[in-house]
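Input: a single structure, listed below in structure tokens.
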């Protein structure tokens, strides 16, 4: 049973436009949500997080939105850059600093 | 370099052999995590430590897997009697206690032939 789902395996966007990556979860006990970016042959790199008491968190070009009633979160990247091309993972945990449950990832391709 | 360090980066072993991986976390981080990632999947949680105490183990961590963090600093993950299904990327991460984000190392790629 997959608790964190990223239903779009891939996304293609033009440079300068907005990239929107989506994530759904099933466990209402999740309190923390994170996005990671991963390049080939490297470990995941932390991007941004949000706790369940918030509905939005922003860091530079990256914004995460959380809709608890829909059990849905999204990552917006504006403007998208070719260097953003990578696999993006959504992850969730019940308590801060405990096990992260990851989705399968979405591969983002940003073309110039 | 003050990031999470894993050694070796790559390991090829014959089925039935034992392997051991090492992880050195970020120095001020007291929590250390092990994950496994296979092709087309996200990382799957295996276990985590707070200092030297192993606080949680996943059902994925069979009896052939053992992890230690004896002095609360570096950690080792041992796989005994390796099987072809153990072929994966083994990722280590660390965080401060109470911190939400974990920082990952570059991983150890295990291939069992």
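Chains as they are written, first to last, in our numbering: chain A, 603 to 714; chain B, 1496 to 1608.
Even for Gly, the Cβ is constructed at its ideal location relative to N, Cα and C.
key: Straight-line gap, residue 660 of chain A to residue 1519 of chain B (C-alpha atoms, nearest Å)   = Residue 660 of chain A sits at position 58 when you count from the first residue of the first chain. Residue 1519 of chain B sits at position 24 when you count from the first residue of the second chain. Approximately 31 Å, taken between the alpha carbons.
Spatially closest choice to residue 1571 of chain B from B:1509, B:1606, B:1543, by CA coordinates: Against the second chain, residue 1571 of chain B aligns to sequence position 76. Distance from the Cα of residue 1571 of chain B is smallest, within the candidate group B:1509, B:1606, B:1543, for B:1543.
Would you identify the three-state DSSP class for residue 1558 of chain B, choosing helix, strand or coil? Residue numbering aside, residue 1558 of chain B sits at position 63 when the second chain is read from its first letter. In this structure, residue 1558 of chain B counts as coil in the three-state DSSP scheme.
Assuming residue 1537 of chain B and residue 707 of chain A make a contact with CB atoms under 8 Å, what is their CB distance in whole Å? On the second chain, residue 1537 of chain B is found 42 positions in, with the first residue counted as 1. On the first chain, residue 707 of chain A is found 105 positions in, with the first residue counted as 1. Right, the Cβ-Cβ distance comes to about 6 Å (below 8 Å), so this counts as a contact.
- Quick one: which chain B residues come within Cβ less than 9 Å of residue 651 of chain A? In the first chain, residue 651 of chain A corresponds to position 49, counting from 1. Within 9 Å of the CB of residue 651 of chain A, the CB atoms of chain B belong to 1595, 1596, in sequence order along the chain.
Just curious, the beta strand (DSSP E) that residue 1452 of chain B is in, first and last residue?
Residue 1452 of chain B lies beyond the stretch modelled for chain B, which goes from 1496 to 1608, so this question has no answer here.
Mind pulling the chain B residues with CB within less than 9 Å of residue 704 of chain A?
As a first step, residue 704 of chain A is located in the first chain; it is residue number 102 there, counting from the start. When 9 Å is used as the limit between beta carbons, residue 704 of chain A is near these residues of chain B: 1530, 1532, 1536, 1537, 1538, 1539, 1540, in chain order.
- request: Select from A:603, A:701, A:626, A:621 the residue whose C-alpha is nearest the C-alpha of residue 609 of chain A.
  value: Translated into positions along the first chain, residue 609 of chain A becomes position 7. Residue A:626 is the option with its Cα nearest to residue 609 of chain A.
Original post:
residue 691 of chain A versus chain B: which residues are under 9 Å apart at the beta carbon?
Top reply: By one-based count along the first chain, residue 691 of chain A stands at place 89. Ordered by position in chain B, the residues that pass the 9 Å Cβ test against residue 691 of chain A are 1537, 1538.
Return the bridge partner residues of residue 1501 of chain B from the DSSP annotation.
Position 6 of the second chain, counting from 1, holds the residue named residue 1501 of chain B. DSSP lists B:1518 as partners of residue 1501 of chain B.
Quick check: what's the CA-CA separation for residue 658 of chain A versus residue 1608 of chain B? Here residue 658 of chain A refers to the residue found at position 56 of the first chain. Here residue 1608 of chain B refers to the residue found at position 113 of the second chain. Taking C-alpha positions only, residue 658 of chain A is separated from residue 1608 of chain B by approximately 47 Å.
request  = Show which residues of chain A have a CB atom less than 8 Å away from the CB atom of residue 1512 of chain B.
outcome  = Working through the second chain from its first residue, we reach residue 1512 of chain B at position 17. Here the premise fails: no neighbours, minimum Cβ distance about 24 Å.
Quiz item: If you drop the 5 nearest sequence neighbours on each side, which residues of the same chain put their C-beta closer than 6 Å to that of residue 639 of chain A?
Solution: In the first chain, counting from the first residue as 1, residue 639 of chain A sits at position 37. So the qualifying residues of the chain are 647, 649, 688, 690.
*At 8 Å on the CB atoms, spell out the chain B contacts of residue 641 of chain A, in chain order.*
Taking the first chain and counting its residues from 1, the one referred to as residue 641 of chain A is at position 39. Going along chain B, no residue has its Cβ under 8 Å from residue 641 of chain A, so there is no contact; the nearest lies around 10 Å.
Alpha-carbon spacing of residue 665 of chain A relative to residue 1563 of chain B, whole angstroms: For the purposes of this step, residue 665 of chain A is taken as the residue at position 63 of the first chain. For the purposes of this step, residue 1563 of chain B is taken as the residue at position 68 of the second chain. Approximately 37 Å, taken between the alpha carbons.
- Task: For residue 627 of chain A, decide whether its Cβ has a neighbour in chain B, counting only Cβ atoms nearer than 8 Å.
- Result: What you label residue 627 of chain A is simply residue 25 of the first chain in a count that begins at 1. Not closer than 8 Å to any Cβ of chain B, the Cβ of residue 627 of chain A fails to qualify, so no.
Q. Quick one: Cα of residue 1554 of chain B to Cα of residue 1540 of chain B, how far?
A. For the purposes of this step, residue 1554 of chain B is identified with residue 59 of the second chain, where counting begins at 1. For the purposes of this step, residue 1540 of chain B is identified with residue 45 of the second chain, where counting begins at 1. When rounded, the distance between both Cα atoms is 9 Å.
Would you identify the three-state DSSP class for residue 715 of chain A, choosing helix, strand or coil? Beyond the ends of chain A as shown, which are 603 and 714, falls residue 715 of chain A; an answer cannot be given.
Compare the Cα-Cα distances from residue 645 of chain A to each of B:1509, B:1576, B:1504 and report the closest residue.
-> Working through the first chain from its first residue, we reach residue 645 of chain A at position 43. Closest option to residue 645 of chain A, Cα to Cα, is B:1504.
Since residue 624 of chain A and residue 678 of chain A are thought to touch, with beta carbons under 8 Å apart, how far apart are those beta carbons, to the nearest angstrom?
Reading the first chain from its first residue, position 22 is the one you call residue 624 of chain A. Reading the first chain from its first residue, position 76 is the one you call residue 678 of chain A. About 10 Å; that fails the 8 Å criterion.
Checklist entry - Is residue 701 of chain A close to chain B, meaning its C-beta is less than 8 Å from at least one C-beta of that chain? => result As a working mapping, residue 701 of chain A is identified with position 99 in the first chain. Taking 8 Å as the threshold, the shortest C-beta distance from residue 701 of chain A to chain B falls below it.
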